[in-house]
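Structure first, commentary second.
Protein chains: 2
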Amino acid sequence: MLSKKTQYAFHALTYLAENQDKGPILISEISEMRKISLKFLENILLELKKSGILGSKKGKGGGYYLIKPPEEIGLAKIIRLLDGPIALLPCVSLNYYEKCENCQEEICGLNVVMSEVRDNTLKVLENKSLKDVLREH
Amino acid sequence: MLSKKTQYAFHALTYLAENQDKGPILISEISEMRKISLKFLENILLELKKSGILGSKKGKGGGYYLIKPPEEIGLAKIIRLLDGPIALLPCVSLNYYEKCENCQEEICGLNVVMSEVRDNTLKVLENKSLKDVLREH
DNA sequence: TCATTAGTCTATTAAAATGGTAGGGAATAT
DNA sequence: ATATTCCCTACCATTTTAATAGACTAATGA
Numbered sequence: 001m002l003s004k005k006t007q008y009a010f011h012a013l014t015y016l017a018e019n020q021d022k023g024p025i026l027i028s029e030i031s032e033m034r035k036i037s038l039k040f041l042e043n044i045l046l047e048l049k050k051s052g053i054l055g056s057k058k059g060k061g062g063g064y065y066l067i068k069p070p071e072e073i074g075l076a077k078i079i080r081l082l083d084g085p086i087a088l089l090p091c092v093s094l095n096y097y098e099k100c101e102n103c104q105e106e107i108c109g110l111n112v113v114m115s116e117v118r119d120n121t122l123k124v125l126e127n128k129s130l131k132d133v134l135r136e137h
Numbered sequence: 138m139l140s141k142k143t144q145y146a147f148h149a150l151t152y153l154a155e156n157q158d159k160g161p162i163l164i165s166e167i168s169e170m171r172k173i174s175l176k177f178l179e180n181i182l183l184e185l186k187k188s189g190i191l192g193s194k195k196g197k198g199g200g201y202y203l204i205k206p207p208e209e210i211g212l213a214k215i216i217r218l219l220d221g222p223i224a225l226l227p228c229v230s231l232n233y234y235e236k237c238e239n240c241q242e243e244i245c246g247l248n249v250v251m252s253e254v255r256d257n258t259l260k261v262l263e264n265k266s267l268k269d270v271l272r273e274h
């Protein structure tokens, strides 16, 4: 399951996407509109900014905004950023790979199946963008 | 990611499947062969027994054994049993469904995408059995 | 320049989940 | 009877999750 953090990130990002024309959006506005704890959301948006997904502006008229158009922001990237691996096992993770301790991957049947699950999952997540989860698209 | 509990369960179950002909297998044997903490494994096997996947026998000559042939033990079932939902969001889970608080599912784009992910994942997990993850099959 | 606005950063906290341990109790075979 | 083996309840330590607090920095504009 995705963490609340990631779920909130999606809420916030879609809000930003749906209001792109309005210029920078206040954290507090997103917090109110999408019912997310203000301080928690602060952390999340900051993290998204540091990863190059969002831009920000301080002072009056400031706020957060998308740096790239929604169709260029992949869902897999967001999940990996905030939740870590998408794969079900460390030994089949593409981005967070860790070797199995007690089984030889080459002959491990689980490895094969879980790789297949990963591929099927990524087939969706890597090819869908923020744009695909907006209300109007 | 699957918890250690679930990963250990798979290790134990494949061991049991690969040694079905030997009659009941001791927890301690599985623990040693698959390098799993004995006491932790006890809990796991007990849980699998209570769910009707394993049978057990006490006293000398006792141990755990598969009740059904490996090809009838689905991977999705084992994961759900020990780790809970397979879906990435509560509102798209088939077995552990929970309503979204702050979004209307009918018009929620995330809901659509995550349902697709779930279906793609289940397409693999529901159609693969313990037999498919054994070394010799 | 100075007050206001708004993001940045570090630390803390409470609760839950995870992974593992301890130690009897109950059933069974010999 | 007794050794064997699973059964059961409780407990514990650590990590993760979700959220909060508060001070700091940067930008704006009157």
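Read top to bottom, the protein sequences are chains B and U.
The first sequence begins at 1 in the working numbering and counts up one residue at a time.
The second sequence begins at 138 in the working numbering and counts up one residue at a time.
Yeah, the Cβ is synthetic: ideal placement off N, Cα and C, and Gly gets one too.
Inset, instruction - Indicate whether at least one CB of chain B lies closer than 9 Å to the CB of GLY246 (chain U). - result: yes
Inset, instruction - Closer than 7 Å by beta-carbon distance: list the chain B residues that pair up with LEU271 (chain U), in chain order. - result: GLY109
Inset, instruction - Could you tell me which residues DSSP puts in a beta bridge with GLY200 (chain U)? - result: U:LYS194
Legend entry - When U:PRO161, U:LEU139, U:PHE147, U:VAL250 are compared against LYS197 (chain U), the one with the closest alpha-carbon: U:PRO161
Inset, instruction - Below 8 Å on the Cβ atoms is my guess for PRO70 (chain B) versus SER129 (chain B); work out the distance and round it to an integer in Å. - result: 6 Å
Inset, instruction - Using a threshold of 9 Å, state whether the C-beta atoms of LEU125 (chain B) and ILE86 (chain B) are closer than that. - result: yes
Legend entry - Straight-line Cα distance separating CYS91 (chain B) from ILE167 (chain U): 22 Å
Inset, instruction - Flag ALA12 (chain B) as yes if its beta-carbon sits less than 9 Å from any beta-carbon of chain U, otherwise no. - result: no
Legend entry - CB-CB length for THR151 (chain U) against LEU226 (chain U), believed under 8 Å: Not a contact, Cβ separation roughly 30 Å.
Legend entry - the ligand NAD heavy atom lying under 8 Å from the CB of ASN180 (chain U): You won't find the ligand NAD in this model; it holds no ligand whatsoever.
Inset, instruction - Determine the extent of the alpha helix (DSSP H) in which GLN144 (chain U) is found, giving its start and end residues. - result: 141-155
Legend entry - Selection from B:VAL113, B:GLU32, B:ALA12, B:SER115 that minimises the alpha carbon distance to ILE44 (chain B): B:ALA12
Inset, instruction - Note down the Cα distance separating LEU247 (chain U) from SER165 (chain U), rounded to an integer number of angstroms. - result: 46 Å
Legend entry - Residue-level contact to chain B via CB, LYS265 (chain U), 9 Å cutoff: yes
Inset, instruction - Can you pull the chain B residues whose beta carbon is under 9 Å from the beta carbon of LEU226 (chain U), in chain order? - result: MET1, LEU2, GLN7
Inset, instruction - Could you confirm whether any beta carbon from chain B is found closer than 9 Å to the beta carbon of LEU163 (chain U)? - result: no
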